[in-house]
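Read left to right, the sequence shown gives residues -4 to 341 (the numbering used here).
We put the CB at the ideal spot given by N, CA and C, even for glycine.
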Amino acid sequence: MSFVKLSASALAIAAVSTTTAAARDNVQVAGSSTVLPYASIVAELFGENTDFPTPVVESGGSSAGLKRFCEGVGENTIDVANASRAIREKEIKACAENGVTDIMEVRIGYDGIVFASQQTGPDFTTFEPADIFNALGAKVLKDGEIADNPYNSWAEFNSELPDVEIAGFIPGTKHGTREVFEEKVLLIGCEETGAMEAMIAGGMSEDDAEDACLAVRTDGKSVDIDGDYTETLARIDTNPNGIGVFGLAFYENNADKLKVATMSGVAPSTETISTGEYPVSRPLFFYVKKAHIGVVPGLKEYAQFFTADEIAGPSGPLANYGLVADPELAKTQDAIANEVTMGSGS
């Protein structure tokens, strides 16, 4: 990894910028818990391999990070907001109302979650979101009525699935992966089965019905994993009927132990995740306050470092932690170099 070149470039730019008065000397970042591990790795490497201080990286969630980002311009506001979704129009408006008018959107790559089981276990190879919802949802549609989940076996609601006891090991609520699991699997499955429509027809508001769709059963058949993917793998190792949720990179590194299922007929891969074809995937972003470039030392260099091929590319350290490299990373690099802002083209 050519950190020497990156450091030299950063130092050269820093030398040009030494006449700019800095309100503080380190980049401040907050936002998505999904992006947090990647940003933390980059911040540490950036501090170790350049002459800039290590950026301060906080979590709090995408919405909270963008709210702080949009509070205004100046030393008491953050420079970068991490987000596991694109910034919303209402957030752009809130930014503008507080003087944050020039925003740089940086897509760092993609993440995707896969459903995998023991290599020698039952034949779990094909899923639809409806299958996962029927297996793990707290309340499901049964005989036309919403009821507490009665299913013990996968085959009870889908005869093409194995007739074995349901055992799902899913990311705990503290994990950013839980959000994509809920939105792209549970919620879609709830809609596909007709459960959401029945909940609303039964008198629930749309918000309450959505919350009910995202609730998982508490009878032991759905197990939250608060640790990392190694804990999920350990659970699968001891339960041949278990289905686990993993990041793509972790699965690929353990393909000798696990077999992966398709979702909605699409096999998970770097290609299908990066294109969005695989349904349980999403792009990841961070947003930069252009007004702080040249004021906060290392801000632009941090963005360039983060998206360098050696960091965010397919052979970089972020890929080892599950980030799917963006096939259009070069465009992102050019946009940062030219300080392109949203909606302006420049």
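- The Cβ atoms of Pro166 and Ile231 do not sit closer than 8 Å to each other.
- Within the DSSP bridge table, the entry for Gly132 names Val211 as partners.
- Distance from the CA atom of Ile82 to the CA atom of Val159, rounded to whole angstroms, is 43 Å.
- The beta carbon of Gly132 sits closer than 8 Å to those of Asn144, Leu181, Gly184, Cys185, Ala190, Cys208, Ala210, Val211, Arg212, all from its chain and outside the five residues before and after it, given in chain order.
- Counting every other CB atom within 10 Å of its CB across the protein chains shown gives Glu123 a total of 16 or more, marking it as buried.
- For Gln328, the enclosing alpha helix (DSSP H) stretches over residues 324 to 332.
- Spanning the alpha carbons of Ile195 and Glu140 requires a straight line of approximately 12 Å.
- Under the rule that a run must span 4 or more residues, the alpha helix (DSSP H) segments found entirely inside the stretch 22 to 54 read 31 to 44.
- A check of alpha carbon separations from Val109 across Lys179, Val75, Glu43 identifies Lys179 as the nearest.
- Three or more beta-carbon pairs separated by less than 8 Å are not found between the stretch 242 to 253 and the stretch 299 to 313, which leaves the two stretches without contact.
- In this structure, the alpha-carbon of Ser154 lies about 13 Å from that of Asn147.
- Our two residues, Pro312 and Ser79, have alpha carbons roughly 19 Å apart in a direct line.
- Ranked by Cα distance from Pro278, the first of Gly116, Ser35, Val319 is Val319.
- Val291 and Glu151 have their C-alpha atoms spaced approximately 59 Å apart.
- DSSP, reduced to helix, strand and coil, places Ile127 within a helical segment of the structure shown.
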